Amino acid sequence: NETYEEMRPLLSRVEAQQRQLMEQNRELARAENIRREFSANVSHEMKTPLQVISGYAELLAGGKIPQKDAERFARIILTESANMTDLINDVLVLSRIDDPVMENAGKEEVELLSLSHEIVTRFLPLAEKQSVSIRCLGSSVVVDGNKSLLDQLVSNLLSNALKYSDPDGEVVVLVGKSIAPPDSEGTPMAYIRVRDNGCGIPLEEQHKIFERFYRVDKSRSKESGGTGLGLAIAKHAAVFHNGTISVESSVGRGSVFTVRIPTEHEG
Ligand code: ADP
199 NETYEEMRPL LSRVEAQQRQ LMEQNRELAR AENIRREFSA NVSHEMKTPL
249 QVISGYAELL AGGKIPQKDA ERFARIILTE SANMTDLIND VLVLSRIDDP
299 VMENAGKEEV ELLSLSHEIV TRFLPLAEKQ SVSIRCLGSS VVVDGNKSLL
349 DQLVSNLLSN ALKYSDPDGE VVVLVGKSIA PPDSEGTPMA YIRVRDNGCG
399 IPLEEQHKIF ERFYRVDKSR SKESGGTGLG LAIAKHAAVF HNGTISVESS
449 VGRGSVFTVR IPTEHEG
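Using the UniProt record's numbering, the first residue of the sequence shown is number 199, and each one after it goes up by one.
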């Protein structure tokens, strides 16, 4: 009848709104689950160094430890505290990226080649210590971005490249711009590529390494002070800039991480 016909558009609008609300609820539940899992993981990751710290501190407090052992215990305590500081810093960075306020955080023009040069220079002493050569090349490219996040992104990739390199390894950072590649829907993309010839990542693990706390080789990661959050932060930072991050890697030969960020800037 006529009244029902008149109400039909209204009914379908209400139904559509209901579907949208249900989808939003599901989304919220998913986000809540991820948050809960993350908090559980963070607590677990903090418990281990804390147990080590309090264990050795208790031994030292007993006052009966020979000087030589006491120094060794103190160094272990220092290393574990440094690991905890790294973890806390990474968790803070992640929560900052997750914060909706951050979405509107001031973006500025950032030139990626000089930023990468700066970061490589910062890593030179560490690379030298490991006898790994490290260089940065390419062409200048400007994006609208958050400089400290971009710095963190490249630093995390470089830190990994060094961490998973063998002595006499080689790390190269390549910066440039690709003119409207097929996957960019016509937008030119700035790219930063970090290549190492280190241990590589098995194919079946490659899609998991961007998850929080996922580690391929737990002992190597921990030994070198890894928090398991570096690539999760890198991915968040890429997505924050409407970009992507990807990996190509082969075991025993090395890895290449590529970040792409849209750029409207000329040159
Ligand atoms: P971590 O602090 O453990 O390095 P990340 O999130 O930075 O955590 O990396 C996750 C895992 O991915 C690492 O534990 C490591 O197994 C693997 N990985 C990351 N970068 C590299 C690389 N350049 N070469 C080999 N493996 C890597």
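The beta-carbon is built from N, C-alpha and C at its ideal position, and this holds for glycine as well.
Keep in mind the model is a prediction, meaning the values are calculated, not measured.
Among Gly441, Ile275 and Glu309, whose alpha-carbon lies nearest the alpha-carbon of Gly253? Ile275
Candidates Asn358, Val370 and Ile295: closest to Arg413 by CA position: Nearest to Arg413 by alpha-carbon distance, out of Asn358, Val370 and Ile295, is Asn358.
Where Arg418 and Ile317 are concerned, what is the direct C-alpha to C-alpha distance, given to the nearest angstrom? 24 Å
Could I get the ranges of all uninterrupted alpha helix (DSSP H) runs contained in the segment 337 to 406, with 4 residues as the minimum, in chain order? 345 to 361
Give a yes or no on whether the C-beta atoms belonging to Phe436 and Gln350 are separated by under 8 Å. The residue you asked about is not Phe; residue 436 is Ala in the sequence shown. No Cβ-Cβ contact shorter than 8 Å links Ala436 with Gln350.
So the beta strand (DSSP E) Ser448 belongs to, where does it begin and stop? Thr442 to Ser448
Does DSSP put Leu209 in a helix, a strand or coil? helix
Quick one: what's Glu306 bridged to in DSSP? Gly343
How many angstroms separate the CA atom of Glu221 from the CA atom of Glu230? Cα to Cα, the separation comes out at about 14 Å.
Alpha-carbon to alpha-carbon, Ala268 and Gly260: Each residue's Cα considered, the two are about 11 Å apart.
Just mark Glu278 as buried or exposed, buried being the case when its beta carbon has 16 or more other beta carbons within 10 Å. buried
Validate contact between the segment 358 to 374 and the segment 321 to 335 using beta carbons, cut 8 Å, 3 pairs: yes
Which term fits Met205, buried or exposed, when burial requires 16 or more other beta carbons within 10 angstroms of its beta carbon? exposed
Which of helix, strand or coil does DSSP assign to Ile459? strand
At a cut-off of 7 Å, is Ile286 close to ligand 1 when judged by its beta-carbon and the heavy atoms of the ligand? Result no, Cβ not under 7 Å from ligand 1.
Nearer than 7 Å: is that true of the beta carbon of Ser419 relative to any heavy atom of ligand 1? Answer for Ser419: yes, Cβ within range of ligand 1.
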